[in-house]
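Participant:
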Amino acid sequence: MVETAEFNEQDVLEKLKGIIDPELEVNIVDLGLVYKINLNGNGGIALDMTLTAKGCPISNVIKYEVEEALKSIPGVNDVTVNFVWEPEWNPSMIKSDALKRLKTH
Amino acid sequence: MNATDSSIEISLKHIKTALIFLPVFFVLMFLDSKSFNEYFFMNYKIIALTHLFTLGFLLMVIMGASYMLLPVALGVKIAYEKLFFPVYYAYVISLLLFVIGMHYLWGPMIAAGGILLFISVLVYNLNVLLSLKKVKKWDYSSAGIAFAYSYLFAGLAIGLYLALSFYFKIGLNLYDILQDHIYVMFIGFAAMLFIAVSYRLLPMFYMTKTPDNLYWKTDLTVINAGIIAIIASSFFGNGSDAHIYLNLAGGWLLGLGILLYCYIFFNLMLKRLKKKFDITTFYLFAGIVFLILASFAGLFIVTVPQEKLNMFGGINGVYYVFGFLGLFGFAGMVIIGFLHKIFPFLISLKVFEKAKKGAYGKLFSDLKTKYFEYVIFALFLAGSILWIFYLIQLAAAVLFAASLLLLFHIFSMGW
Chain X
263 MVETAEFNEQ
273 DVLEKLKGII
283 DPELEVNIVD
293 LGLVYKINLN
303 GNGGIALDMT
313 LTAKGCPISN
323 VIKYEVEEAL
333 KSIPGVNDVT
343 VNFVWEPEWN
353 PSMIKSDALK
363 RLKTH
Chain H
908 MNATDSSIEI
918 SLKHIKTALI
928 FLPVFFVLMF
938 LDSKSFNEYF
948 FMNYKIIALT
958 HLFTLGFLLM
968 VIMGASYMLL
978 PVALGVKIAY
988 EKLFFPVYYA
998 YVISLLLFVI
1008 GMHYLWGPMI
1018 AAGGILLFIS
1028 VLVYNLNVLL
1038 SLKKVKKWDY
1048 SSAGIAFAYS
1058 YLFAGLAIGL
1068 YLALSFYFKI
1078 GLNLYDILQD
1088 HIYVMFIGFA
1098 AMLFIAVSYR
1108 LLPMFYMTKT
1118 PDNLYWKTDL
1128 TVINAGIIAI
1138 IASSFFGNGS
1148 DAHIYLNLAG
1158 GWLLGLGILL
1168 YCYIFFNLML
1178 KRLKKKFDIT
1188 TFYLFAGIVF
1198 LILASFAGLF
1208 IVTVPQEKLN
1218 MFGGINGVYY
1228 VFGFLGLFGF
1238 AGMVIIGFLH
1248 KIFPFLISLK
1258 VFEKAKKGAY
1268 GKLFSDLKTK
1278 YFEYVIFALF
1288 LAGSILWIFY
1298 LIQLAAAVLF
1308 AASLLLLFHI
1318 FSMGW
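In order, the protein sequence lines correspond to chains X and H. Okay, so the first sequence: first residue is 263 according to this note's numbering, each after it adds one. Okay, so the second sequence: first residue is 908 according to this note's numbering, each after it adds one.
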């Protein structure tokens, strides 16, 4: 796990868990949408993430929410969110607990 | 591909206009319900009423939603965004001219409205077809959408011919051409478009699998063959063997193609990962059940000789029930169902464009199914069932109430 003086990757993941996909009602981490977190050690976060559909109409809204959530972590001064499409997201990337919840609720 | 400002604005404008046309349609149906007992399809008041629904509601929502959904479904931008607003205004004006002209059977107004409608929808149609040129990966959705919009062009051309025939008194067998117009517009365009878009939206909303290659390709082939056979039948004399057999073959192919789609739909939805039911699921399942009933009614019509249809409440009754099941029972219900998904997204994007903050929260609150929405759904369902039993005035009253409640509900999310 990469650590900086004030926050680490786990803090970032915890914050991102607060962002729920409005359709599936599962957070973006458990959905497997977060691919890579880069911490530069100077308060900067670069995030590679994807969306469940390439043409998702609310990609701007999600990006804004992610940026706002990460900026609220003490010590973060720069956030870059990159949408990537390789590998293409598919339901097998959902974490097993979240998948169970989807199937039973 | 992100939704742009103008695509959000124009989508909302179309949907709001369509939601105003819907109660107007039902109130006119209520007032004019006797026409359904007295006249057949070629009655001008019924043609006016049908177009108020098909063009004022169905096509209006399809046009609006397509500006937002096609970029999502196909990953391409609509070719000419500057055409959105002129097409919208031309379409609304020409639709009013056409419907009023038809209601009062005033030839020049029908012809003028028909020509303007043809031009405005043609521009929209070409705009979509040009956008399809940029599609990189052709699959079930893009192929179906391309066919659907090609049929829209064919259906429009037939519609224009019919509109002009009211003014220029062109001979020919208008009944056969009217049948071509109905099948091409309803199955070729509306049903084909729904099928294609659903293959993209169902995995997105409910995490279904994508359709099996063999099934969707067979389905597309069977439906296309059916439409071609129906159109080909009208080139032969009414009553000739070629006409009868092509019509029969076309009707059966369409019926079987639609039933195969219903099977694919249930197969996908019953195995979906997201098991939770929402209001859209209810509308979708009800719509597909009505589509199955419409398919059987259609098969019944093409198979049973016309003189024997009289035994089942008269030819008019069977045709009207078939038409209503297909147009409102299926297309109307499915579109209303998807509106519960599409509209909150559009409103959220509009909020986001203006203030960013708050858009995400509002989307959650608008997407959450409310008790009130089930009441509206129950009314639409009850109205549709009453229609099947030919209690048209009562059905129209119930459907009017439902459409008015839907209008208030959707508008309450944001203007």
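Every residue gets a Cβ at the ideal spot worked out from N, C-alpha and C, and that includes glycine.
In chain order, what residues of the region 303-334 of chain X put their CB closer than 9 angstroms to some CB of chain H?
Facilitator: Listed by position, the residues of the region 303-334 of chain X near chain H (Cβ gap below 9 angstroms) are T314, A315, K316, G317, C318, P319, I320, S321, N322, V323, I324, Y326, E327 and E330.
Participant: Does DSSP classify X:S354 as helix, strand or coil?
Facilitator: In this structure, X:S354 counts as helix in the three-state DSSP scheme.
Participant: Would you mind working out which of H:I915, H:S913, H:I922 and H:E916 sits nearest H:L1314, comparing C-alpha positions?
Facilitator: Of the listed residues, the one whose Cα sits closest to H:L1314 is H:I922.
Participant: Here's the rule: buried if 16 or more other CB atoms are within 10 angstroms of the residue's CB, otherwise exposed. What is H:G1230?
Facilitator: Classification of H:G1230: buried, given that the 10 Å Cβ count is 16 or more.
Participant: CB-CB under 6 angstroms to H:D1273, same chain, minus the five flanking residues each way: which ones, in chain order?
Facilitator: Closer than 6 angstroms at Cβ, skipping near neighbours: P1251 and M1320.
Participant: Return no unless some Cβ of chain X is closer than 8 angstroms to the Cβ of H:M908.
Facilitator: Bear in mind that the predicted position of H:M908 carries a pLDDT of just 46, short of 50, making it unreliable; the figure below should be weighed with that in mind. It does: the Cβ of H:M908 has a partner Cβ on chain X nearer than 8 angstroms.
Participant: For the region 1174-1192 of chain H, which residues have a beta carbon sitting closer than 7 angstroms to at least one beta carbon of chain X?
Facilitator: Here the close residues are L1180, K1181, K1182 and K1183.
Participant: To the nearest angstrom, how far is the alpha carbon of X:L313 from that of H:S1048?
Facilitator: In a straight line, the C-alpha of X:L313 is about 19 angstroms away from that of H:S1048.
Participant: What are the residues of the region 1274-1288 of chain H that lie near chain X, defined by any Cβ-Cβ distance shorter than 9 angstroms?
Facilitator: Taking 9 angstroms as the Cβ-Cβ cut-off against chain X, the residues of the region 1274-1288 of chain H that qualify are L1274.
Participant: For H:L966, count neighbouring Cβ atoms within 10 angstroms of its own Cβ and tell me buried if that reaches 16, exposed if not.
Facilitator: Buried: at least 16 other Cβ atoms inside 10 Å.
Participant: Rounding to the nearest angstrom, what Cα-Cα distance links H:I1130 and X:I299 in this structure?
Facilitator: Whole-angstrom Cα-Cα distance: 48 angstroms.
Participant: Name the DSSP bridge partner or partners of X:L262?
Facilitator: Outside the modelled stretch of chain X, which goes from 263 to 367, sits residue 262 of chain X, for which no answer is possible.
Participant: Kindly indicate which residue of H:L1293, H:L1234 and H:A1302 has the alpha-carbon position closest to the one of H:F964.
Facilitator: Checked all of H:L1293, H:L1234 and H:A1302; the closest Cα to H:F964 is H:L1234.
Participant: Could you check what DSSP says for H:I1089 in three-state terms: helix, strand or coil?
Facilitator: H:I1089: helix per DSSP, three-state reduction.
Participant: Which residues, in chain order, does the region 1241-1268 of chain H contribute to contact with chain X at a C-beta distance below 7 angstroms?
Facilitator: So the close ones are F1252, S1255, L1256, F1259, K1263, A1266 and Y1267.
Participant: Is H:N1131 helix, strand or coil when you go by DSSP?
Facilitator: Here H:N1131 sits in helix by DSSP.
Participant: Checking contacts by CB at 8 angstroms: is X:E285 closer than that to chain H?
Facilitator: Cβ-Cβ to chain H under 8 angstroms: yes for X:E285.
Participant: Would you please verify whether the beta carbon of H:L1039 is less than 8 angstroms from any beta carbon of chain X?
Facilitator: Not an interface residue.
Participant: Between the region 979-991 of chain H and chain X, which residues of the former have CB atoms less than 8 angstroms from a CB of the latter, in chain order?
Facilitator: For the region 979-991 of chain H, which is checked against every Cβ of chain X, the residues closer than 8 angstroms are V979, A980, L981 and G982.
Participant: How many whole angstroms separate the CB atoms of H:F1287 and H:L1256, which I take to be in contact at a CB cut-off of 8 angstroms?
Facilitator: Incorrect: roughly 27 angstroms between the Cβ atoms, too far for contact.
Participant: Use the C-beta contact count for H:Y1011: other C-beta atoms within 10 angstroms, 16 or more gives buried, fewer gives exposed.
Facilitator: Burial call: exposed.
Participant: Out of curiosity, what's the CA-to-CA distance linking H:L938 and H:S1291?
Facilitator: The straight-line gap from Cα to Cα measures roughly 17 angstroms.
Participant: On the DSSP bridge assignment, give the partners of X:I282 in chain order.
Facilitator: X:I282 is bridged to X:N289.
Participant: Decide if the region 1181-1201 of chain H is in contact with the region 346-366 of chain X; the criterion is three or more beta carbon pairs, one per stretch, under 8 angstroms apart.
Facilitator: Cβ pair count under 8 angstroms is three or more, so yes.
Participant: Helix, strand or coil, according to DSSP, for H:N950 in the structure here?
Facilitator: H:N950 falls in the coil class under three-state DSSP.
Participant: So, using beta-carbon positions, are H:F1284 and H:Y1190 closer together than 8 angstroms?
Facilitator: Their beta carbons are under 8 angstroms apart, which means H:F1284 touches H:Y1190 by this criterion.
Participant: Pick helix, strand or coil for H:M908, following the three-state DSSP scheme.
Facilitator: Unreliable positioning characterises H:M908 in this predicted model, as indicated by a pLDDT of 46, which lies under 50. A coordinate reading is not provided.
Participant: So H:I1134 packs on H:G1095, CB below 8 angstroms; how close in whole Å?
Facilitator: Confirmed, about 5 angstroms.
Participant: Would you say H:L1270 faces chain X, with C-beta separation under 8 angstroms as the test?
Facilitator: Chain X, which has a Cβ nearer than 8 angstroms to the Cβ of H:L1270, makes this yes.
Participant: Rounded to whole angstroms, what's the CA-CA distance from H:F1296 to H:A1303? Just pull it up for me.
Facilitator: Taking the straight line joining both Cα atoms gives about 12 angstroms.
Participant: Provide the residue span of the alpha helix (DSSP H) that contains H:N1154, from first to last.
Facilitator: Taken as a continuous stretch (DSSP letters only), the alpha helix (DSSP H) holding H:N1154 covers D1148 to L1177.
Participant: Can you check whether the C-beta of X:K366 is within less than 8 angstroms of a C-beta belonging to chain H?
Facilitator: Checking the sequence shown, residue 366 of chain X turns out to be Thr, not Lys. Output row for X:T366: interface = yes.
Participant: Which residues of the region 287-302 of chain X have a Cβ closer than 7 angstroms to any Cβ of chain H? Give them in chain order.
Facilitator: Flagged: no residues at all.
Participant: By the criterion of Cβ-Cβ separation under 9 angstroms, what are the contact partners of X:L361 in chain H?
Facilitator: Those within 9 angstroms of X:L361 in chain H are L1180.
Participant: Starting from the C-beta of H:F1172, find all residues in its chain whose C-beta is less than 6 angstroms away, skip the five residues before and the five after it, and write them out in chain order.
Facilitator: The residues are I1195.
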